[in-house]
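Be aware that the sequence shown starts at 916, since it is given in the working numbering, and climbs by one per residue. Backbone N, C-alpha and C fix where the C-beta goes; we use that ideal spot for every residue, glycine too.
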Amino acid sequence: MDKVPMTVRGEKLLRDELEILMKRRPIISQAIGEARELGDLKENAEYHAAREEQGICEAQIRDIEYKLSVAQVIDVTKMENTGKVIFGVTVTLIDVDTEDEVQYQIVGDDEADIKAGRISVNSPIARGLIGKMQDDEVVITTPGGQKEFEIAEVVYV
């Protein structure tokens, strides 16, 4: 079983979500019990809805527990900043053609949120940046074509 990289933030979010789901378990069980008391289970919409909710909740719990079991939590704040782009760092890039500046944190697949500036380690941009150094110029093949960037800053936060 291969380990999957995850940031400290990503692990905390998963653990928080798991805690919420675990608190829902007894509430759902109680709803099933109350629905059973209403009588005929074949035509009992409340019972079927509660059972469906229970199935969804249990599936989510299993999914999160699996993700946590294969996670390799990487805390870049405890590493020396060598200027090298690795998983978990925040990178400031300057588009060589337009001089536009963008900033991305390289995170695990489940944590990726492009609007929040978090890109998956498996994305074309992250794959093109991993292993490079601050002040390097890199050509990255994206779905929109090739783009040339300068790595302006690498921050281990």
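Asked, Found
"CB-CB under 7 Å to F1002, same chain, minus the five flanking residues each way: which ones, in chain order?", "P920, I989, I1021 and V1036"
"The alpha helix (DSSP H) spanning Y962 covers which residue range?", "A960 to S984"
"Measure the C-alpha to C-alpha separation of G1032 and N959 and round it to an integer number of angstroms.", "47 Å"
"Got a sec, what are the start and stop residues for the beta strand (DSSP E) K1062 sits in?", "G1060 to V1070"
"Do E1065 and V1011 have their C-beta atoms within less than 8 Å of each other?", "yes"
"Looking only at its own chain, which residues have a Cβ that is under 8 Å from the Cβ of I1045, when we skip the five neighbours before and after it?", "V1000, I1001, F1002, I1021 and V1036"
"Determine whether the beta carbon atoms of T1005 and V1072 lie at a separation below 8 Å.", "yes"
"For a test of the three-state rule: what should DSSP assign to Q1049, helix, strand or coil?", "coil"
"Measuring CB to CB, does P1049 end up less than 8 Å from V1069?", "Reading off the sequence, residue 1049 comes out as Gln, not Pro. Yes, they are a contact pair."
"With a cut-off of 8 Å on the beta carbons, I'd call K927 and V985 a contact; round off their distance for me.", "That belief does not hold up - the Cβ atoms of K927 and V985 are roughly 17 Å apart, past 8 Å."
"Given A965, which residues of its chain have a CB within under 7 Å of its CB, disregarding the five upstream and five downstream residues?", "I943, A946, I947 and A950"
"Straight-line CA distance for R1042 to E967?", "40 Å"
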